[in-house]
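S.K.: The structure under discussion is supplied below as structure tokens; questions concerning it will follow.
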Amino acid sequence: MDQMGLPPGQYEIKEILKWNIDHPGIIQGNPKFDLETWTLTIDGEVKNPIKYSWKVFLKIPAIESVSDFHCVEGWSVKNCKWRGVRFSKIVNIVKPTENAHYVTFKCADGYTTSLKLEELLKENVLLAYRLNDKLLETPLGGPLRLVVPDKYAYKSAMWVQQIIFTKSHELGFWEKRGYSDVADVWRELRFQHQI
Numbered sequence: 000m001d002q003m004g005l006p007p008g009q010y011e012i013k014e015i016l017k018w019n020i021d022h023p024g025i026i027q028g029n030p031k032f033d034l035e036t037w038t039l040t041i042d043g044e045v046k047n048p049i050k051y052s053w054k055v056f057l058k059i060p061a062i063e064s065v066s067d068f069h070c071v072e073g074w075s076v077k078n079c080k081w082r083g084v085r086f087s088k089i090v091n092i093v094k095p096t097e098n099a100h101y102v103t104f105k106c107a108d109g110y111t112t113s114l115k116l117e118e119l120l121k122e123n124v125l126l127a128y129r130l131n132d133k134l135l136e137t138p139l140g141g142p143l144r145l146v147v148p149d150k151y152a153y154k155s156a157m158w159v160q161q162i163i164f165t166k167s168h169e170l171g172f173w174e175k176r177g178y179s180d181v182a183d184v185w186r187e188l189r190f191q192h193q194i
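The opening position of the sequence shown corresponds to residue 0 in numbering that gives the first Met the number 0, with each subsequent residue numbered one higher.
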């Protein structure tokens with residue numbers, strides 16, 4: 000198989016593995032969602048905290064972005080076509096205060112991860128709800144997941160329900176268990192001891 004264009008230590012597979020189907024999850028089973036009652040809360044160090052319903056979130060201008068998806072376990076899927084809202088668009092809406100340096104993502108299964116705000120401003124970072132022209136299925140992180148292409152996939156939080164802008168950094172679920180907080184796929188930073 001041609002591995003050109005992949006980060007070090009990665010091999011290509013055809014499609015993203017489905018959580019709790021092709022890949023073990025951190026909880027048994029996947030969360031269940033009713034899009035009539037689903038909400039996304041964005042708060043913390045922001046001037047305009049907001050709570051979106053699904054219908055209102057879908058009214059935010061969306062883009063399509065094609066990027067590769069890299070799991071820390073070593074597999075990658077090339078050319079994933081995502082549709083969603085650029086994270087920078089969310090930043091423009093909620094207007095972080097000067098104290099906001101990090102962003103924590105809280106998910107329906109109890110999962111968390113955190114990234115530097117500046118890392119989330121890249122044009123290819125999305126809150127995605129479609130993959131390859133289909134609504135994002137629950138086992139793939141739907142209805143809404145973060146997509147951060149230059150990081151290992153544990154930074155691309157699934158089932159996002161709350162986004163908190165913070166002054167200080169908080170380690171997420173896997174980062175507390177020894178995975179790299181940097182998670183840079185091109186430097187192959189998979190575990191904390193590598194920094």
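C-beta: ideal position from N, C-alpha, C; glycine also.
In this text, all values refer to a predicted model and were calculated from it rather than measured experimentally.
DSSP three-state call for Met0: helix, strand or coil?
M.R.: Low local confidence applies: a pLDDT of 34 at Met0 is under 50, so the model's placement there is unreliable, and no value is given.
S.K.: In the structure shown, what three-state DSSP assignment does Thr96 receive?
M.R.: Coil, per DSSP.
S.K.: At which residues does the beta strand (DSSP E) containing Lys50 begin and terminate?
M.R.: Counting along the chain, the beta strand (DSSP E) containing Lys50 begins and ends at Ile49 to Ser52.
S.K.: Quick check: the Cα distance between His69 and Lys13, rounded to an integer number of angstroms?
M.R.: About 12 angstroms.
S.K.: May I have the straight-line CA-CA distance separating Glu72 from Val146, to the nearest angstrom?
M.R.: For Glu72 and Val146, the distance between alpha carbons rounds to 17 angstroms.
S.K.: Restricting to runs no shorter than 3 residues, where is the beta strand (DSSP E) found entirely within the segment 61–140?
M.R.: Those beta strand (DSSP E) runs which fall completely within the segment 61–140 and span 3+ residues are 62–69, 74–85, 101–106, 111–115 and 125–130.
S.K.: Please report the distance separating the alpha-carbon of Pro148 from that of Asp67.
M.R.: Between Pro148 and Asp67, the C-alpha separation is close to 6 angstroms.
S.K.: May I ask which residues mark the beginning and end of the beta strand (DSSP E) holding Gly43?
M.R.: Here the beta strand (DSSP E) through Gly43 covers Thr38 to Gly43.
S.K.: Apart from the five residues just before and just after Phe190, which ones in its own chain have a Cβ nearer than 8 angstroms to its Cβ?
M.R.: Once the five neighbours on either side are set aside, the close Cβ partners of Phe190 are Gly177, Tyr178 and Ser179.
S.K.: In or out: Tyr151 buried (at least 16 other Cβ within 10 Å) or exposed?
M.R.: Buried, since its Cβ has 16 or more Cβ neighbours within 10 Å.
S.K.: Helix, strand or coil for Lys154 per DSSP?
M.R.: It is helical.
S.K.: What are the partner residues of His168, as DSSP defines its beta bridges?
M.R.: His168 is not bridged to any residue.
S.K.: Check the C-beta distance from Lys94 over to Asn29 and give it rounded, since I have them as a contact under 8 angstroms.
M.R.: Contact doesn't hold; Cβ gap of about 33 angstroms is too wide.
S.K.: For the segment 102–114 against the segment 164–175, do three or more pairs of beta-carbon atoms, one drawn from each stretch, fall closer than 8 angstroms, so that the two count as touching?
M.R.: The segment 102–114 vs the segment 164–175: in contact.
S.K.: Under a Cβ-count criterion, where at least 16 other Cβ atoms within 10 Å of its own Cβ denotes burial, should Leu143 be classed as buried or exposed?
M.R.: Answer is buried; the Cβ neighbour count reaches 16.
S.K.: Work out the CA separation of Glu11 and Leu57 for me, nearest whole Å.
M.R.: Looking at the two C-alpha atoms, the distance is approximately 32 angstroms.
S.K.: Which same chain residues, not among the five before or five after Trp173, have their C-beta less than 7 angstroms away from its C-beta?
M.R.: Around Trp173: Tyr153.
S.K.: Can you name the residues that DSSP bridges to Gln161?
M.R.: The partner list for Gln161 (beta bridge, DSSP) reads Thr40 and Lys105.
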